[in-house]
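A.B. asks: So that we are looking at the same thing, I have put the structure below in structure tokens.
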Amino acid sequence: MFTGLSGQQPSQMMPNAPVKNFQFPRFAENGYTQWVLRGGQATFESDERILIEAMDLRLYTGDERMAVEMELSSPIATLLLAENSAFSDQSINIKGERFELSGVDWHWTGDDRRVSVHQNSAVSFFDLLPETLASEAPAEEDAAKLRDGGNMERTRVLSESLTLETSEAEHTFVFIREVDLTSEQLKLTSEYLRVLADPPPDRDRSLLGASAPVGALKYVLAREDVVIRQFERTARAGEAEFFPREERVELKELPNITLPGAYLGGDRITLRPSQVDVRGSTDAGRAQLILYRAGGLGLRGVDSLGEETIVLADSIVLTEDTVENRFVFEGNVEVLSGGLRLTGEELVVLTSRLAITSDVSESATLRTLQAKGNVRIEQDGQTAEGEEVEFFPSEARAVLTGRPRIFTNDAEVRGGRIELSEGSALARSGDGVGEVTVTLPQLPDLGYRSPSDASHAAEAENRGETAPTIIRSQRARMDETPAETRFQFSDKVRVEATNLTATGDYMSVLAVPSAQPSGDTAADRLEIENINVLGNVEITQGERVSNSRTALFLPQEGRVILEGDAVVEEAGRGKVTGQRMILLQGERRAIVEGGPDGERARITLPEIPS
417 MFTGLSGQQP
427 SQMMPNAPVK
437 NFQFPRFAEN
447 GYTQWVLRGG
457 QATFESDERI
467 LIEAMDLRLY
477 TGDERMAVEM
487 ELSSPIATLL
497 LAENSAFSDQ
507 SINIKGERFE
517 LSGVDWHWTG
527 DDRRVSVHQN
537 SAVSFFDLLP
547 ETLASEAPAE
557 EDAAKLRDGG
567 NMERTRVLSE
577 SLTLETSEAE
587 HTFVFIREVD
597 LTSEQLKLTS
607 EYLRVLADPP
617 PDRDRSLLGA
627 SAPVGALKYV
637 LAREDVVIRQ
647 FERTARAGEA
657 EFFPREERVE
667 LKELPNITLP
677 GAYLGGDRIT
687 LRPSQVDVRG
697 STDAGRAQLI
707 LYRAGGLGLR
717 GVDSLGEETI
727 VLADSIVLTE
737 DTVENRFVFE
747 GNVEVLSGGL
757 RLTGEELVVL
767 TSRLAITSDV
777 SESATLRTLQ
787 AKGNVRIEQD
797 GQTAEGEEVE
807 FFPSEARAVL
817 TGRPRIFTND
827 AEVRGGRIEL
837 SEGSALARSG
847 DGVGEVTVTL
857 PQLPDLGYRS
867 PSDASHAAEA
877 ENRGETAPTI
887 IRSQRARMDE
897 TPAETRFQFS
907 DKVRVEATNL
917 TATGDYMSVL
927 AVPSAQPSGD
937 TAADRLEIEN
947 INVLGNVEIT
957 QGERVSNSRT
967 ALFLPQEGRV
977 ILEGDAVVEE
987 AGRGKVTGQR
997 MILLQGERRA
1007 IVEGGPDGER
1017 ARITLPEIPS
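Quick note, the numbering used here runs 416 ahead of the 1-based positions in the sequence shown.
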């Protein structure tokens, strides 16, 4: 055994022959042990240079803790006493409190407390990184071993080279080039990796408390072409920060995540157990989600979708559980799905569980989608607006609330609640809205007009002024095909059109695409083909009032047909009754027919003045 060493080593200590099975320590200036060297054989090449075979070097903290930092072993190494360093082109193995290190071609400097390994470096840590790409928790038996301080390999890192520096505060591992990390199901590759771990504890571990970590990983930084994989999920970024004690990972520099049936991207992504938080920025672009093969989302049903549904927002939060995934989008939300575009302030999407499986063809099934705040939906020339909309893709329907409306170039539907399904819309009153209102193109004047009325109408027409047709009721339904649009109204129906108003129990309106003049670009405009009113019909035009059981308006033919105890009465001009009555457009005459049972038409004139 050699004499203990402290500071500069005396030259007279140099033996003349190799020393076998030796052991000697080195002490710091404060008197505490820095290291203890053991070996199979030591050959003194000079008084400062020793060739060690079967080297075992135990490093201490060099303070009152007297804790072992780590133990280095190598088949052969050169020790430089004055420089307090050692090196070798052979292999090295290092054991710490909760890690093991190996490699080839190494250099240790005691004063800097640094070890560099230049080839085939590998480190095994006995602690896990947070596996936040999936919500799978470690097995209970592994968790129990971790709590008990069991030394089992849980995270392994390979690289071309590494540097390990120790201090009183932490151990720092820096891996460079072709870094490959495995932590149970999580795999990471990058070109640079820095790992911070706790230093060895005091000898009396009871002072730490039962919950204090022992030599655990506390920070990991990966840079340059970072790729993280777990099951069928992959995250990519220019930089990734792991905070194991907070179970949090921060992805930066164009980060994105691909998972079965979906893609997430943004300026910054935060991963926590069962939660992904994506943030956008002005420079890097908005947070985005792409759902592949998500199912129906459009106003026209499932078949209206393309292959992708894209959602953009200022932020996205994905929360997972065993049944479903919940995506929450906030800030200037925009959805693009097939021919559909949706905008709003907030969006919540529920999908089936994004399964962790080897079946890469599996994707999420879109269950519901709920948008809030100034919602606007555009599709195929039709626009829907409201404060809230909820889609039910499996049922191919959507519900708008919050004073919703649907409109095209010249038709509009408003109500308290509007339900959309493939090719149709059902509007109801309620939610503070007393009635459904439908606005349609202007009807031509279908009744009698006095000369003054005709003059005023001609002047308005010359000025390009139009009066839309407005229909009000408690319930309305709109059905669309490429050839026609049909409206059905019920419960307190009222029509306000050119020079007339009409009320009834039930009404249907048929509108068809307008035959536009050559060069007109408004090819999707509508014109009213007919209006059919049933039950307690009353029509008012100026001083003329008509009553009947039914009324059929034929604007293109310029006729109104009243049937069922029809009565037309005009103040000061008398009354006409009949079973069927045809009013002719712009003419001050009507065709009156009697009933099939022989009932005759009747005209009642005003009383002859005396």
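Ideal Cβ positions, reconstructed from N, Cα and C, are used throughout, including at glycine.
How far does the beta strand (DSSP E) with Val533 in it extend, from its first residue to its last?
C.D. replies: In the sequence shown, counting from the first residue as 1, residue 533 sits at position 117. Where Val533 is concerned, the enclosing beta strand (DSSP E) stretches over Arg530 to Phe541.
A.B. asks: Nearest-angstrom Cα distance between Thr914 and Gln858?
C.D. replies: For the purposes of this step, residue 914 is taken as the residue at position 498 of the sequence shown. For the purposes of this step, residue 858 is taken as the residue at position 442 of the sequence shown. Distance between the alpha carbons of Thr914 and Gln858 is about 7 Å.
A.B. asks: Can you give, in chain order, each stretch of the beta strand (DSSP E) that sits fully within the segment 490 to 522 and has at least 3 residues?
C.D. replies: If only complete runs of 3 or more residues are kept, the segment 490 to 522 shows the beta strand (DSSP E) at 501 to 512, in order along the chain.
A.B. asks: For the structure I just gave you, are there three or more beta carbon pairs, one from the segment 815 to 828 and one from the segment 780 to 799, closer than 8 Å?
C.D. replies: yes
A.B. asks: For chain D, is any of its Cβ atoms less than 9 Å away from the one on Asp796?
C.D. replies: Going by chain labels, chain D is absent from the structure shown, which holds only one protein chain.
A.B. asks: In whole angstroms, give me the CA-to-CA distance for Arg783 and Thr725.
C.D. replies: Residue mapping note: residue 783 aligns to position 367 of the sequence shown, counting from 1. Residue mapping note: residue 725 aligns to position 309 of the sequence shown, counting from 1. So the two alpha carbons sit approximately 13 Å from each other.
A.B. asks: Below 6 Å CB to CB, which residues in the same chain sit around Glu392 once its five sequence neighbours on both sides are set aside?
C.D. replies: Coverage of the chain is limited to positions 417 through 1026, which leaves residue 392 absent and any answer about it impossible.
A.B. asks: Measuring straight from C-alpha to C-alpha, what distance separates Ala493 and Thr459?
C.D. replies: Your numbering for residue 493 matches position 77 in the sequence shown. Your numbering for residue 459 matches position 43 in the sequence shown. Near 11 Å, if we compare the C-alpha coordinates of Thr459 and Ala493.
A.B. asks: Can you tell me which of Asp543, Leu785, Leu497 and Glu746 puts its alpha carbon nearest to the alpha carbon of Arg514?
C.D. replies: Here residue 514 refers to the residue found at position 98 when the sequence shown is read from its first residue. Nearest C-alpha to Arg514 among Asp543, Leu785, Leu497 and Glu746: Asp543.
A.B. asks: Identify every residue that forms a DSSP beta bridge with Phe903.
C.D. replies: On the sequence shown, position 487 is the one that residue 903 refers to. DSSP lists Met894 and Val925 as partners of Phe903.
A.B. asks: Enumerate in chain order the residues of its own chain whose CB-to-CB distance from Ile510 is below 6 Å, with the five nearest sequence positions on each side excluded.
C.D. replies: Locating residue 510 in the sequence shown gives position 94, counting from the first residue. If we look at Ile510 and ignore the five residues flanking it on each side, its Cβ neighbours are Met486, Leu488 and Leu517.
A.B. asks: Would you decide whether Glu547 is buried or exposed? Buried here means 16 or more other CB atoms lie within 10 Å of its CB.
C.D. replies: By one-based count along the sequence shown, residue 547 stands at place 131. The residue is buried, with at least 16 neighbouring Cβ atoms inside 10 Å.
A.B. asks: Taking only runs that begin and end inside the segment 573 to 654, name each unbroken beta strand (DSSP E) of 3 or more residues, in chain order.
C.D. replies: The segment 573 to 654 contains these whole beta strand (DSSP E) runs: 577 to 582, 587 to 599, 602 to 613 and 633 to 646.
A.B. asks: Shortest alpha-carbon distance to Ala812 belongs to which of Arg664, Lys788, Gly802 and Ser837?
C.D. replies: Numbered from 1 along the sequence shown, position 396 holds the residue referred to as residue 812. If we check each option's Cα against that of Ala812, Ser837 comes out closest.
A.B. asks: Can you find the residues in the same chain that come closer than 8 Å, C-beta to C-beta, to Trp451, ignoring five residues on each side of it along the sequence?
C.D. replies: Here residue 451 refers to the residue found at position 35 when the sequence shown is read from its first residue. Taken in chain order, the residues that qualify are Pro441, Arg442, Leu473, Arg474, Leu475, Tyr476 and Gly526.
A.B. asks: Let me know the secondary structure DSSP gives Pro660 once reduced to three states.
C.D. replies: As a position in the sequence shown, residue 660 is number 244, starting the count at 1. Pro660 falls in the helix class under three-state DSSP.
A.B. asks: Helix, strand or coil: which one does DSSP assign to Pro676?
C.D. replies: The count along the sequence shown starts at 1 and reaches residue 676 at position 260. If DSSP states are grouped into helix, strand and coil, Pro676 belongs with coil.
A.B. asks: Give the straight-line distance between the Cα atoms of Thr674 and Lys908, rounded to the nearest whole angstrom.
C.D. replies: The sequence position of residue 674 within the sequence shown is 258, counting from 1. The sequence position of residue 908 within the sequence shown is 492, counting from 1. Distance between the alpha carbons of Thr674 and Lys908: 54 Å.
A.B. asks: Among Gln457, Glu607 and Gly682, whose alpha-carbon lies nearest the alpha-carbon of Val435?
C.D. replies: Position 19 of the sequence shown, counted from the first residue, corresponds to residue 435. It is Gln457 whose Cα lies nearest to the Cα of Val435.
A.B. asks: With three or more C-beta pairs closer than 8 Å as the rule, is the segment 572 to 591 touching the segment 601 to 619?
C.D. replies: yes
A.B. asks: Between the C-alpha atoms of Ala678 and Ile592, what's the straight-line distance to the nearest angstrom?
C.D. replies: Your numbering for residue 678 matches position 262 in the sequence shown. Your numbering for residue 592 matches position 176 in the sequence shown. So the alpha carbons of these two residues sit roughly 32 Å apart.
A.B. asks: DSSP three-state call for Glu1030: helix, strand or coil?
C.D. replies: This structure leaves residue 1030 out entirely; the chain is present only between 417 and 1026.
A.B. asks: Under 8 Å by Cβ, that's how I've got Leu816 and Gly802 pegged, so tell me the actual separation to the nearest angstrom.
C.D. replies: To locate residue 816, count along the sequence shown from 1; it is residue 400. To locate residue 802, count along the sequence shown from 1; it is residue 386. Yes, they are in contact, since the Cβ atoms of Leu816 and Gly802 sit about 4 Å apart, within 8 Å.
A.B. asks: What's the call for Thr1033, buried or exposed, on a 16-neighbour Cβ count within 10 Å?
C.D. replies: The chain is shown only over 417 to 1026; residue 1033 falls outside these bounds and no answer can be derived.
A.B. asks: Can you tell which of Ala470, Pro676, Gly974 and Ala651 has its C-alpha closest to the C-alpha of Leu667?
C.D. replies: Along the sequence shown, one-based indexing puts residue 667 at 251. Measuring from the Cα of Leu667, the nearest candidate turns out to be Ala651.
A.B. asks: Scan the segment 434 to 501 and note each continuous beta strand (DSSP E) run of 3 residues or more that stays entirely inside, going in chain order.
C.D. replies: 435 to 443, 449 to 460, 465 to 476 and 484 to 496
A.B. asks: Could you check if Arg888 is buried or exposed, using at least 16 other CB atoms within 10 Å of its CB as the buried criterion?
C.D. replies: Working through the sequence shown from its first residue, we reach residue 888 at position 472. Buried, since its Cβ has 16 or more Cβ neighbours within 10 Å.
A.B. asks: Quick check on this structure: which residue in Val854, Phe808 and Thr885 has the alpha carbon closest to the alpha carbon of Thr767?
C.D. replies: Position 351 of the sequence shown, counting from 1, holds the residue named residue 767. Among Val854, Phe808 and Thr885, the Cα nearest to that of Thr767 belongs to Phe808.
A.B. asks: Give, in chain order, every unbroken run of the beta strand (DSSP E) that is at least 3 residues long and sits entirely within the segment 940 to 1009.
C.D. replies: 942 to 957, 960 to 970, 975 to 986, 990 to 1000 and 1006 to 1009
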